[in-house]
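Numbering (my numbering), first residue to last: 1 to 346. The beta carbon of each residue, even a glycine, is placed where N, CA and C say it ideally should be. Since we're looking at a predicted model, the values are computed, not measured. Presented below is the structure to which this report refers.
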């Protein structure tokens with residue numbers, strides 16, 4: 001009987017011991033942080049302290065070791081952001097390559113539009129004035145167009161469209177300056193003709209389109225192509241009545257014994273709206289270049305701020321004042337999506 005009681009006591013102790021160990025094991029598993037999450041969080045701590053090399057080491061270890069982790073896309077994007085934030089031409093180009101890879105690997109990710117805008121912003125930051133190397137201006141134009149084509153519904157799209165206009169202004173000015181050089185300095189009218197036509201064809205909203213049209217008329221007139229020249233003089237007279245070239249264009253038509261057309265009010269109004277107000281341009285006289293070290297405001301941050309402002313305007317519209325100065329009730333606007341969460345806080 002005593003032997004049976006001892007055996008029962010040992011068995012009971014074993015059951016209690018194992019159940020206790022099992023509970024502790026479960027508790028430890030619940031409290032343990034997964035290594036992929038640890039790597040990501042460590043990387044973000046380094047990122048926020050601007051220890052970019054250490055941050056990239058943590059992110060890259062996560063990407064290589066846990067390619068299927070839920071944190072891998074964010075680590076991939078954070079790696080690109082670390083290059084972007086560190087700045088300098090070499091780092092910006094590294095960031096561009098990383099953002100492009102992110103879009104390839106995660107085309108449907110909620111931050112894909114964000115990455116594409118960063119690619120365009122990088123090229124804006126590296127742009128030169130219109131009389132310098134146009135390489136990055138051309139690339140910026142391509143990348144903004146790609147953004148608008150692939151992410152037309154993005155909250156960043158309106159600002160991307162604004163930047164595209166400014167980049168195209170830079171591109172058109174660059175081409176036109178070369179055309180003016182050939183026209184006035186070299187008297188190479190054929191070379192200037194092709195460039196003016198490129199401006200008119202590719203950048204119809206260019207703020208100096210009236211100058212392009214008038215100078216194209218001059219080039220054609222100097223080559224003896226009077227009928228063609230009169231077409232462009234007529235466009236200046238009818239479509240740009242506000243232009244400094246308008247009266248000269250009319251005089252040319254009279255000298256060439258061509259009719260002076262009436263003003264096309266609809267087209268003229270549109271062209272007047274396209275006239276450039278330099279103080280509101282990202283290429284104003286004080287900041288003619290979004291160069292890497294110029295200290296200008298970051299194009300991406302501008303886009304984020306403007307998107308937030310538009311969202312606030314839609315969710316909190318200004319009250320409409322009634323006839324007696326009382327605020328009239330305004331229907332509530334529907335909420336728009338805010339900036340996507342995920343990745344590093346930039």
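Whose CA, out of 156, 219, 191, 314, lies closest to the CA of residue 304?
-> 156
Along the chain, which unbroken stretches of the alpha helix (DSSP H) at least 4 residues long are found entirely within the stretch 70-111?
-> 72-86, 89-105
From this set, 105, 121, 112, which residue's C-alpha is nearest residue 84's C-alpha?
-> 121
Residues near residue 232 by beta carbon distance below 6 angstroms, same chain, minus five either side | 213, 216, 217
What is the DSSP secondary structure of residue 299, counted as helix, strand or coil?
-> Three-state DSSP puts residue 299 in a helix.
Classify residue 89 as buried or exposed, calling it buried when 16 or more other Cβ atoms lie within 10 Å of its own Cβ.
-> exposed
Beta-carbon gap between residue 33 and residue 159 smaller than 8 angstroms = no
The alpha helix (DSSP H) with residue 150 in it runs from where to where?
-> Its alpha helix (DSSP H) spans residues 135-150.
Measure the beta-carbon distance from residue 118 to residue 106 and round it to whole angstroms, keeping in mind my assumption that it falls under 8 angstroms.
-> The pair is not a contact, with the Cβ atoms about 14 angstroms apart (cut-off 8 angstroms).
Mind checking residue 123: buried by the 16 CB within 10 Å criterion, or exposed?
-> buried
If we count the other Cβ atoms within 10 Å of its Cβ and call it buried at 16 or more, is residue 171 buried or exposed?
-> buried
Contact belief for residue 95 with residue 103 at Cβ below 8 angstroms, rounded distance in angstroms | With a contact defined as Cβ atoms closer than 8 angstroms, residue 95 and residue 103 miss out at about 13 angstroms.
Out of curiosity, what's the CA-to-CA distance linking residue 294 and residue 136?
-> Per-residue confidence for residue 294 stands at a pLDDT of 45, beneath the threshold of 50, marking its modelled position as unreliable; the derived number appears in the next sentence. When rounded, the distance between both Cα atoms is 15 angstroms.
Looking only at its own chain, which residues have a Cβ that is under 8 angstroms from the Cβ of residue 207, when we skip the five neighbours before and after it?
-> 169, 274, 275, 276
Among 125, 139, 227, 298, which residue has its Cα nearest to the Cα of residue 257?
-> 227
8 angstroms contact criterion, which residue 192 and residue 182 should meet: CB distance rounded | Residue 182 and residue 192 do touch by the CB rule: their CB atoms are close to 4 angstroms apart, below 8 angstroms.
Coarse secondary structure for residue 126, derived from DSSP in three states = coil
Since residue 232 is in the alpha helix (DSSP H), which residue starts that stretch and which ends it?
-> 226-239
Leaving out five residues before and five after residue 161 in sequence, what residues of the same chain have Cβ atoms less than 7 angstroms from its Cβ?
-> 148
Nearest to residue 93 (by Cα), restricted to the options 127, 109, 108, 264 | 127
Note the first and the last residue of the continuous alpha helix (DSSP H) segment covering residue 186.
-> No alpha helix (DSSP H) contains residue 186, which DSSP labels as neither H nor E.
For residue 97, the nearest candidate out of 109, 76, 265, 173 (CA to CA) | Cα-wise, what sits closest to residue 97 is 76.
6 angstroms Cβ shell around residue 188 - same chain, five flanking residues per side excluded | Cβ within range, chain order: 182.
Buried or exposed: residue 62, going by 16 or more other Cβ atoms within 10 Å of its Cβ?
-> buried
Residue 177: which of 152, 132, 166 sits nearest, CA to CA?
-> 132
Just curious, the alpha helix (DSSP H) that residue 174 is in, first and last residue?
-> 157-181
Closest by CA to residue 142, which one among 153, 49, 73, 163?
-> 163
Contacting residues, own chain, Cβ-Cβ under 7 angstroms from residue 237 (five flanking each side not counted) = 246, 249, 250, 253, 260, 261
Take the Cβ of residue 175 as the centre, count every other Cβ of all protein chains shown within 10 Å, and call the residue buried at 16 or more, exposed below.
-> Here residue 175 is buried. Its C-beta has 16 or more other C-beta atoms within 10 Å.
By Cβ distance below 7 angstroms, which residues in the same chain neighbour residue 69 in space, the five residues on each side in sequence not counted?
-> 36, 62
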